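A.B. asks: Quick note: the sequence shown uses my numbering, first residue 1, plus one each step. Ideal Cβ placement from N, Cα and C applies to all residues, glycine included. Note that the coordinates shown come from a computational prediction; the quantities given were computed from them, not determined experimentally.
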Amino acid sequence: MFAYHNKIARVNLTTGKITYEELPDEVIRKFIGGKGLGYYLIYREVPPGTAPLSEANKFVFAPGGLTGLIPGSSKVIAVSKSPETRLISDSSGGDAFGPKLKGHFDALVIEGKAEEPVYLHVHDGEVEIRDAKHLWGKGNYEVAGELWKEYPKASIASIGPAGERLSRIANVIYDTERASGRGGLGAVLGSKKVKAVVVEPGEKPGVAEPEEFQRLWQEFYDHFATDPKYEHSRNYGTSDGLRSSASLGMSPAYNFSRPHIPDELASKLAGDEVKKYEVEPEWFVHGKSCPIKCARYVEVEYRGRKIRVKPEYESIAMLGAATGVFNFPAVAYFNWLVNDLGLDSIATGNTIGWLFEMVERGLVGEEEIGFPVKGWGNEEAEERLIRLMAERKGIGAVLADGVKRACERLGRGCELAVHVKGMESPAWDPRGRRTYALSYATADVGASHLRGWPRPHQLPNQGPAKELVPSLIEARDESYITDMLGTCKFVSYRMEDLAKFYSLATGEEWTVEELRKRAWAVESIARIHDALDWVTPPLDDVIPPRWWEPEPDGPAEGNKAFMDYNDFLEARREFYRLRGWHEELGVPLPETMEKLGYGELRGDAERALEVVKRRMGL
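1. Quick one: grab the DSSP three-state call for H582.
2. Assuming contact is defined by CB atoms lying nearer than 7 Å, are I169 and G184 in contact in what I supplied?
3. What first and last residue would you give for the beta strand (DSSP E) that runs through L120?
4. Across which residues does DSSP place D90 in a beta bridge pair?
5. Would you call N566 buried or exposed, if buried means 16 or more other Cβ atoms sit within 10 Å of its Cβ?
6. Within the continuous alpha helix (DSSP H) that includes T482, where are the two ends?
7. What separation, rounded to the nearest whole angstrom, lies between the Cα atoms of V76 and G365?
8. Quick one: Cα of M694 to Cα of V338, how far?
9. Would you mind sorting K466 into buried or exposed? The rule is 16 or more other CB atoms within 10 Å of its CB.
10. Only counting runs of 4 or more residues, tell me where the alpha helix (DSSP H) segments fall wholly within the segment 308-395, in order along the chain.
11. Could you name the residues of the same chain whose beta carbon sits closer than 6 Å to that of P426, not counting the 5 residues immediately before and after it, in chain order?
12. Measure the Cβ-Cβ separation of P621 and R602 and say whether it is below 7 Å.
13. If we ignore side chains and look at the alpha-carbon of each, how far apart do A526 and Y39 end up?
14. According to DSSP, what are the bridge partners of D131?
15. Hey, quick one: how far does the alpha helix (DSSP H) through K17 stretch, first residue to last?
16. Going along the chain, which unbroken runs of the alpha helix (DSSP H) with 4 or more residues stay wholly within the segment 232-295?
17. Within the same chain, show all residues whose beta-carbon is closer than 7 Å to that of G163, passing over the 5 residues directly before and after it, in chain order.
18. Using CA coordinates, which residue listed in Y493, M593, L108 is at the minimum distance from K229?
19. Specify, as a first and last residue, the run of the alpha helix (DSSP H) that F562 falls within.
20. Mind reading off the beta-carbon distance from A608 to P259? Whole number of angstroms is fine, and I expect it under 8 Å.
21. Looking at G125 and K102, is the spacing between their C-beta atoms short of 7 Å?
22. Taking only runs that begin and end inside the segment 490-566, name each unbroken alpha helix (DSSP H) of 4 or more residues, in chain order.
23. According to DSSP, is A62 helix, strand or coil?
24. When DSSP builds the beta bridges, which residues end up paired with S702?
25. For A225, report the span of its beta strand (DSSP E) as first-last.
26. Do L515 and A499 count as a contact pair if the criterion is CB distance below 7 Å?
27. On the premise that L120 lies in contact with V127, defined as a C-beta separation below 8 Å, what is that separation, rounded to the nearest angstrom?
28. What are the boundary residues of the alpha helix (DSSP H) that V611 is part of?
29. Helix, strand or coil for K466, going by three-state DSSP, please let me know.
30. Pick out whichever of I28, L468, D444 has its Cα sitting closest to the Cα of T435.
31. Using three-state DSSP, classify E424 as helix, strand or coil.
32. Taking CB distances under 7 Å as the criterion, tell me whether M318 reaches chain D.
33. What is the rounded straight-line gap between the Cα of G64 and the Cα of R409?
34. Would you grab the beta carbon distance between N559 and R431 for me? Rounded to a whole angstrom, and I think it's under 8 Å.
35. Counting pairs of Cβ atoms below 8 Å between the segment 521-535 and the segment 81-91, do you hit three or more?
36. Pull up the CB-CB distance for T442 and F575, whole angstroms please, since I reckon it's below 8 Å.
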């Protein structure tokens, strides 16, 4: 099939056997690539109930259907069963790893467990298992530096010490500055003793209509590179995000207790402040095919140490505003530190912000923590806590697996822990946007800001949340489509544009409606698998107590995430109904799977319905 190699590489670390399998066109047409293909493989091969850190779990790297082929299409999607949430979980990463992997395979499946640390070397359409004992225990920056000496043209996915120690909020770092950050997927590689995956450039798959494809490529590249509408992104990237979120009453400041903060405070961690430290990016930071090149690369000196890092809004807001630290050099350093140690910046900031609030409220003190912590804004404590979390030492052993487990281990403070299904909330408080909390409540991975934003932007008290559910579903489908095709959400293609590109690439006629069907089906298979595992949607598709508190001030003052609990239930019921799921139980109906063209999953949907009914005593 054009735009693909029709090939999967499978590495069994237990046996040391590497096999190459044909990927049938039929599977590509149903699941496309990236998130879709990754979910298909995990759904098929990792049964519900599998322990995420066991040898039976599997890890998939899957580039998207258009990864490396169109402007702003650098994404690879990492998919596995999450050790943090026990859900099928995916997290995308950018820059060169995805396009280079696409030059060899449509997916790389890692299974089993090595006895000693290894890394995988992908080159010339093959994979080799190599000894990594000399890399084990080292940070991601040092690991990349050593591997680039041997493989100067390669792209590297690696885990830090946090992943080695099986922290459930450990991430996968690409070329030191990008990450598949969410869900603790770094711990899955750590459990398998995989330190890194090194991918050499390969042979880009051909497209069906090369002349028209190239013409369209140039047209869109020029559009995104010159249109004034994208000037802010080209200039700031996501680094100016805190000013936006704070002005809307949607920031995570002080563990989401003060979503609105004054602009002069937010500006200390925002665009113009970040640009003061900007330097020319290293060779591996900017995607060559991206017309926007929104990455900001900075150099700061913090406590006598000079570091370079690529900060994004989520990392800045969660390691800074959420913990009450409004000193950019400190926050940039924390960003560098979590990258090096291999910790999810969102989960780390969320968990430390929660601990700081616990200190502020007198719910935990020096005796339990092991050293003095002042609370909000305590830079020294934040740095120390990050290191302890990666090392699993002292209080770090309590915090290393995220905020849900931390509050359960301490036996208090769970009403202050901001997460959904065990995944920490990212840096957007939903009390500033009508119906948005429903996106968090129903997202396949837990709290994620990348599972659809309802339109238009209104406050929760401006009308029933139910009214904006259709727009949320539309946006969710669009998010899935970009994750299946491997395109960046900050390169604003219309869905019609992506369907046109995909048609020219594959030589087959694709419509937006067909792409949306694939998105709908992929979300539904995730829901079936998770219901067969442990999710009982009426009990688990919920939001944390904090978002039921009215915002204290600012433009969203007095707003909760929903007008009241009934408003939430009606909106959730409407979401289930429009998705073709059981209106009360939130499980895909067998006839929905038939309607979408996935009749082979009808039996699984029936079983999932029965399982949830039994749990609910029905």
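C.D. replies: The structure says:
1. Residue mapping note: residue 582 aligns to position 582 of the sequence shown, counting from 1. Here H582 carries a coil assignment [DSSP, helix/strand/coil].
2. By one-based count along the sequence shown, residue 169 stands at place 169. By one-based count along the sequence shown, residue 184 stands at place 184. Yes; because the gap between Cβ atoms is below 7 Å, this pair is in contact.
3. Numbered from its first residue, the sequence shown carries residue 120 at position 120. Segment 118-123, the beta strand (DSSP E) holding L120.
4. Looking up residue 90 in the sequence shown gives position 90. Per DSSP, V79.
5. The sequence position of residue 566 within the sequence shown is 566, counting from 1. N566 should be labelled exposed.
6. The residue labelled residue 482 in the question sits at position 482 within the sequence shown. Element bounds for T482: 469-485.
7. On the sequence shown, residue 76 is found 76 positions in, with the first residue counted as 1. On the sequence shown, residue 365 is found 365 positions in, with the first residue counted as 1. A straight line joining the alpha-carbon of V76 with that of G365 spans about 42 Å.
8. Nothing can be reported for residue 694, as the shown portion of the chain is limited to 1 through 618.
9. One-based indexing of the sequence shown puts residue 466 at position 466. With 16 or more Cβ atoms within 10 Å of its Cβ, K466 is classed as buried.
10. Fully enclosed alpha helix (DSSP H) runs of 4 or longer: 313-319, 328-341, 345-360, 366-369, 379-391.
11. Here residue 426 refers to the residue found at position 426 of the sequence shown. Cβ neighbours of P426 beyond the five flanking positions: E314, I346, H449.
12. Because the chain is modelled from 1 through 618, residue 621 falls outside the range shown and cannot be assessed.
13. Translated into positions along the sequence shown, residue 526 becomes position 526. Translated into positions along the sequence shown, residue 39 becomes position 39. Cα to Cα, the separation comes out at about 7 Å.
14. By one-based count along the sequence shown, residue 131 stands at place 131. According to DSSP, D131 bridges with V118.
15. The residue labelled residue 17 in the question sits at position 17 within the sequence shown. Counting along the chain, K17 falls outside any alpha helix (DSSP H), though it belongs to the beta strand (DSSP E) covering 17-22.
16. Those alpha helix (DSSP H) runs which fall completely within the segment 232-295 and span 4+ residues are 241-247, 253-256, 263-266, 271-275.
17. Against the sequence shown, residue 163 aligns to sequence position 163. Cβ contact annotation for G163 (same chain, cutoff 7 Å, sequence separation greater than five): A170, G186, A187, L189, G190, G342, in chain order.
18. As a first step, residue 229 is located in the sequence shown; it is residue number 229 there, counting from the start. Closest by C-alpha distance to K229, out of Y493, M593, L108, is Y493.
19. The residue you call residue 562 lines up with position 562 of the sequence shown. From DSSP, F562 is part of no alpha helix (DSSP H); its letter is neither H nor E.
20. Here residue 608 refers to the residue found at position 608 when the sequence shown is read from its first residue. Here residue 259 refers to the residue found at position 259 when the sequence shown is read from its first residue. Not confirmed; about 36 Å, so no contact.
21. Counting from 1 along the sequence shown, the entry for residue 102 is found at position 102. Counting from 1 along the sequence shown, the entry for residue 125 is found at position 125. Going by C-beta atoms, K102 is not nearer than 7 Å to G125.
22. Listed in chain order, they are 495-506, 512-533, 537-540.
23. On the sequence shown, position 62 is the one that residue 62 refers to. A62: strand per DSSP, three-state reduction.
24. Residue 702 lies beyond the range of the chain shown here (1 to 618); nothing can be said about it.
25. Counting from 1 along the sequence shown, the entry for residue 225 is found at position 225. Segment 210-226 is the alpha helix (DSSP H) holding A225; no beta strand (DSSP E) there.
26. Along the sequence shown, read from residue 1 onward, the residue named residue 499 stands at position 499. Along the sequence shown, read from residue 1 onward, the residue named residue 515 stands at position 515. Their beta carbons are under 7 Å apart, which means A499 touches L515 by this criterion.
27. To locate residue 127, count along the sequence shown from 1; it is residue 127. To locate residue 120, count along the sequence shown from 1; it is residue 120. The C-beta distance from V127 to L120 rounds to 6 Å, short enough to meet the 8 Å contact threshold.
28. Taking the first residue of the sequence shown as 1, we reach residue 611 at position 611. For V611, the enclosing alpha helix (DSSP H) begins and ends at 602-615.
29. Reading the sequence shown from its first residue, position 466 is the one you call residue 466. Helix.
30. Taking the sequence shown and counting its residues from 1, one reaches residue 435 at position 435. Of I28, L468, D444, the residue nearest in Cα terms is L468.
31. Taking the first residue of the sequence shown as 1, we reach residue 424 at position 424. E424 falls in the strand class under three-state DSSP.
32. No chain D is present in this structure, which holds just one protein chain.
33. Indexing the sequence shown from 1 puts residue 64 at position 64. Indexing the sequence shown from 1 puts residue 409 at position 409. Their backbone Cα atoms lie some 39 Å apart in a straight line.
34. Within the sequence shown, numbered from 1, the residue matching residue 559 stands at position 559. Within the sequence shown, numbered from 1, the residue matching residue 431 stands at position 431. With 8 Å as the limit, N559 and R431 qualify as a contact, their Cβ atoms being about 5 Å apart.
35. Contact between the segment 521-535 and the segment 81-91 is present, because at least three Cβ pairs lie under 8 Å.
36. Within the sequence shown, numbered from 1, the residue matching residue 442 stands at position 442. Within the sequence shown, numbered from 1, the residue matching residue 575 stands at position 575. With 8 Å as the limit, T442 and F575 qualify as a contact, their Cβ atoms being about 6 Å apart.
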